[in-house]
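Residue 841 in the numbering used here is what sits at position 526 of the sequence shown, and the numbering runs on without skipping anything.
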Amino acid sequence: MRKIIRYAALSAAAGLVVGLLASGESFVLQILAQVLIFGIAALGLNILTGMGGQVSIGNAAFMSIGAYTSVILVTRLGLPLPLAALGGAMLAALFGLAIGFPALRMKGFYLAVATMAFGVVIEQLIKVIPALGAHNGLRNIPRLLANDFANYLFILVCYVALVMIARIVAESPVGLRWRMVRDGETAARSFGVNVQRAKLSAFMMSAAYGGIAGALYADTVGFISSADFGLARSLDLLAMVMIGGLGSYHGGLGGAAIIVGLRFVFSRGFGPWLTVIIGGLLIVFTLFFPRGIAWGLTLAWHRHLQRPYLALRRAMVRRKPAGGQTVQAGGRTIHYRVKGSGPQPVLCIHGNLGSSRWWDGLPDSDRYRFIAPDLPGFGRSEALAAADIGAYADAMLDLFDALRLERPALVGHSLGGAVVLAMLARRPDLARAAVLVDSCPPDGLQTPEDHYPVIETYKTSYAILRNSLAAIAPELKHRPTLAGLVDEALLMSLDYYAGNARSLQAFRYAPAAAFGRPVLVLRGRKDIIITGTMARKTVAAFPQGQYREFENCGHSPMAEIPGEFNAALLAFLDGL
316 MRKIIRYAAL SAAAGLVVGL LASGESFVLQ ILAQVLIFGI AALGLNILTG
366 MGGQVSIGNA AFMSIGAYTS VILVTRLGLP LPLAALGGAM LAALFGLAIG
416 FPALRMKGFY LAVATMAFGV VIEQLIKVIP ALGAHNGLRN IPRLLANDFA
466 NYLFILVCYV ALVMIARIVA ESPVGLRWRM VRDGETAARS FGVNVQRAKL
516 SAFMMSAAYG GIAGALYADT VGFISSADFG LARSLDLLAM VMIGGLGSYH
566 GGLGGAAIIV GLRFVFSRGF GPWLTVIIGG LLIVFTLFFP RGIAWGLTLA
616 WHRHLQRPYL ALRRAMVRRK PAGGQTVQAG GRTIHYRVKG SGPQPVLCIH
666 GNLGSSRWWD GLPDSDRYRF IAPDLPGFGR SEALAAADIG AYADAMLDLF
716 DALRLERPAL VGHSLGGAVV LAMLARRPDL ARAAVLVDSC PPDGLQTPED
766 HYPVIETYKT SYAILRNSLA AIAPELKHRP TLAGLVDEAL LMSLDYYAGN
816 ARSLQAFRYA PAAAFGRPVL VLRGRKDIII TGTMARKTVA AFPQGQYREF
866 ENCGHSPMAE IPGEFNAALL AFLDGL
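Structural data, given as structure tokens:
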């Protein structure tokens with residue numbers, strides 16, 4: 316909820332700035348108000364089409380229902396506009412329910428034709444009802460706010476509130492069911508989703524948003540007729556959604572800015588060509604930008620626009636005092652940290668996107684000396700030519716020799732677990748015990764090919780990198796700690812993002828001789844990467860394998876639940 320509120324505040328601030336820039340121009344404020352209004356209507360269509368997967372070419376009819384209902388409630392019953400708009404939204408939602416029932420049996424082209432027919436019927440009905448102004452429409456509609464800037468602010472507040480509501484619903488189980496139906500009705504049914512109910516709820520919410528947009532339109536313009544909400548307007552709404560971006564919260568607003576802007580800019584001289592221009596735009600975006608402007612801007616933001624900021628941030632992180640120590644091992648500089656003063660060494664190897672900082676929660680013991688290095692190319696250690704599990708293992712063996720460690724216990728997390736396995740395969744007599752924490756299994760970790768484009772964005776998008784680390788440590792609630800780990804992840808060599816995934820995919824544990832010492836395999840039950848089956852496969856690879864599962868953590872128990880993790884680790888080490 317905090318994220319949604321912050322998102323709404325930023326949207327409101329941006330809208331306020333735009334309004335202030337145009338505060339002295341009544342005509343411009345009128346255009347901006349209409350952009351917001353059609354942004355609301357397009358958001359409603361996006362709920363139905365982009366999230367629910369139901370095609371509609373008649374959503375302007377819901378605007379007309381909301382507009383005429385609110386005008387009647389304001390002019391004849393004296394209700395204030397907010398209540399009248401709610402009344403229009405409720406009636407539009409009922410019509411959405413009515414059209415939704417027959418639409419349950421239709422898909423694709425047939426559903427589009429049915430909704431188009433609904434829009435035409437509503438338009439023709441309005442033309443023959445005298446109480447609704449028939450062909451002449453309704454004129455001299457009293458405005459809630461006479462001042463254009465105040466009216467713009469009121470519509471802005473409505474828009475932001477409706478975006479918040481849409482986002483809350485879309486991220487709730489209701490929204491999840493919409494997306495499941497959109498992606499495959501048969502699969503949704505197999506998961507117990509009531510497909511009919513999901514479709515009807517999407518129709519009703521979409522219609523309600525159209526009704527509110529119609530009420531605001533009538534109040535802003537002061538005159539409405541059936542022609543304002545005909546088939547051409549429905550096609551405009553569809554174009555707004557397609558151009559702005561299907562499934563996007565603000566994409567419809569971008570599409571509305573283009574469509575409404577075109578109508579005002581080319582209203583003189585190009586009037587007959589407007590439909591051709593809009594149709595051409597719709598074809599171009601459908602063919603070459605099928606997910607719209609919002610998706611294109613999002614991709615540009617995550618793939619390109621953050622690069623200068625991230626380069627500066629990496630430089631600033633590198634300038635911070637690192638702490639710890641460095642040693643020359645195998646011809647390269649390895650950075651490491653030490654915690655505890657005990658005689659028994661414990662070598663702790665971090666995972667992908669990590670560094671020695673992931674082990675900061677280890678206890679300050681007088682029995683054990685925990686040594687946590689940065690793998691080559693991670694943190695502040697010198698990089699290798701390429702990401703490779705075997706090369707990491709060789710570098711850690713060089714560190715082992717450089718520090719003259721005597722039969723340490725080895726602890727490896729995630730990718731670090733694969734490094735420990737590779738070390739044991741090379742030198743089975745190296746360690747007196749091993750602890751594998753949510754480790755890569757002995758037969759490697761497969762990454763689907765379509766995940767690699769996302770992995771590549773980790774190095775160009777701070778938000779995606781942060782979210783990925785938050786996902787593998789879901790119980791790490793201390794924000795400064797998470798921010799510090801994200802900064803450490805930025806220091807990883809840029810070639811390693813996809814390289815590590817490829818190396819884990821090719822990894823196989825093939826020891827020359829079995830490691831016969833105790834091995835403890837730990838896993839967080841909320842781990843979304845390593846399954847219980849994978850963890851048990853790791854246990855089965857060792858004669859003295861042991862297994863323990865933590866209930867309330869994900870992929871990184873040493874960072875999420877350090878107290879419980881340390882207790883399990885020390886109990887195992889003490890029992891050797």
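In this text, a Cβ means the ideal position worked out from N, Cα and C, and glycines have one as well.
Pairwise C-alpha distance: residue j and residue i
{"i": "glycine 705", "j": "arginine 317", "result": "44 Å"}
{"i": "lysine 841", "j": "alanine 788", "result": "9 Å"}
{"i": "arginine 652", "j": "glutamine 861", "result": "28 Å"}
{"i": "tyrosine 811", "j": "leucine 751", "result": "22 Å"}
{"i": "aspartate 703", "j": "leucine 885", "result": "31 Å"}
{"i": "aspartate 753", "j": "tyrosine 767", "result": "21 Å"}
{"i": "valine 661", "j": "leucine 714", "result": "13 Å"}
{"i": "phenylalanine 410", "j": "phenylalanine 377", "result": "8 Å"}
{"i": "valine 472", "j": "leucine 515", "result": "27 Å"}
{"i": "alanine 855", "j": "phenylalanine 830", "result": "12 Å"}
{"i": "valine 508", "j": "proline 872", "result": "34 Å"}
{"i": "alanine 461", "j": "glycine 452", "result": "22 Å"}
{"i": "glutamine 439", "j": "leucine 392", "result": "25 Å"}
{"i": "aspartate 463", "j": "glycine 354", "result": "18 Å"}
Boundaries (first-last residue) of the alpha helix (DSSP H) holding residue i
{"i": "proline 768", "result": "767–772"}
{"i": "valine 470", "result": "For the record, residue 470 in the displayed sequence is isoleucine; it is not valine. Its alpha helix (DSSP H) spans residues 463–485."}
{"i": "leucine 347", "result": "341–361"}
{"i": "aspartate 498", "result": "488–498"}
{"i": "alanine 327", "result": "317–336"}
Enclosing beta strand (DSSP E) for residue i [first to last residue]
{"i": "glutamate 864", "result": "860–865"}
{"i": "valine 834", "result": "834–839"}
{"i": "proline 872", "result": "Counting along the chain, proline 872 falls outside any beta strand (DSSP E), though it belongs to the alpha helix (DSSP H) covering 872–875."}
{"i": "proline 660", "result": "659–664"}
Helix, strand or coil at residue i [DSSP, three-state]
{"i": "isoleucine 558", "result": "helix"}
{"i": "threonine 853", "result": "helix"}
{"i": "arginine 684", "result": "strand"}
{"i": "alanine 724", "result": "strand"}
{"i": "glutamine 820", "result": "helix"}
{"i": "glutamine 369", "result": "coil"}
{"i": "leucine 419", "result": "coil"}
{"i": "valine 734", "result": "helix"}
{"i": "arginine 652", "result": "strand"}
{"i": "asparagine 815", "result": "helix"}
{"i": "valine 428", "result": "helix"}
{"i": "serine 379", "result": "helix"}
{"i": "leucine 885", "result": "helix"}
{"i": "isoleucine 844", "result": "coil"}
{"i": "arginine 458", "result": "coil"}
{"i": "leucine 668", "result": "coil"}
{"i": "alanine 825", "result": "coil"}
{"i": "glycine 890", "result": "coil"}
{"i": "serine 516", "result": "helix"}
{"i": "phenylalanine 880", "result": "helix"}
{"i": "serine 729", "result": "coil"}
Cut-off 6 Å between Cβ atoms - residues of its own chain near residue i, not counting five sequence neighbours on either side
{"i": "alanine 323", "result": "Val475 and Met479"}
{"i": "glutamine 349", "result": "Val575"}
Chain-order list of residues whose beta-carbon lies under 8 Å from that of residue i (same chain, five-residue window excluded)
{"i": "alanine 262", "result": "Outside the shown range of the chain, which is 316 to 891, sits residue 262, and nothing can be said about it."}
{"i": "proline 893", "result": "The question about residue 893 has no answer, for the chain in this structure spans 316 to 891."}
{"i": "valine 642", "result": "Thr648, Ile649, Tyr651, Leu714, Ala717 and Leu718"}
Proximal residues to residue i (C-beta, below 7 Å), its chain only, five neighbours per side dropped
{"i": "phenylalanine 822", "result": "Ile704, Ala733, Cys755 and Gly759"}
{"i": "threonine 772", "result": "His617, Arg618 and Ile779"}
Min CB distance residue i to chain C below 9 Å
{"i": "glutamine 439", "result": "Of the chains in the structure shown, none is chain C; there is only one protein chain."}
Check your understanding: Fully enclosed by the region 382–411, which beta strand (DSSP E) runs are 3 residues long or longer?
Key -> Listed in chain order, nothing qualifies, since the region 382–411 has no complete beta strand (DSSP E) run of 3 or more residues.
Tell me the start and end of each unbroken alpha helix (DSSP H) in the region 738–811 that is at least 4 residues and wholly inside, in chain order. The region 738–811 contains these whole alpha helix (DSSP H) runs: 767–772, 777–787 and 794–805.
**Asked** Which full runs of the beta strand (DSSP E) of 3+ residues lie inside the region 430–454, going along the chain?
**Response** As summarised for the region 430–454, there are no continuous beta strand (DSSP E) elements at least 3 residues long confined to that stretch.
Could you name each continuous alpha helix (DSSP H) segment of 4 residues or more that falls completely within the region 581–648, going from the start of the chain to the end? Qualifying alpha helix (DSSP H) stretches, in chain order: 589–603, 607–615 and 622–634.
List in chain order: all unbroken alpha helix (DSSP H) runs of 4+ residues lying wholly within the region 527–579.
Segments of the alpha helix (DSSP H) lying fully in the region 527–579: 546–559.
- request: Note down, one range per segment and in chain order, each beta strand (DSSP E) of at least 3 residues found wholly within the region 670–718.
  value: 683–688, all fully within the region 670–718.
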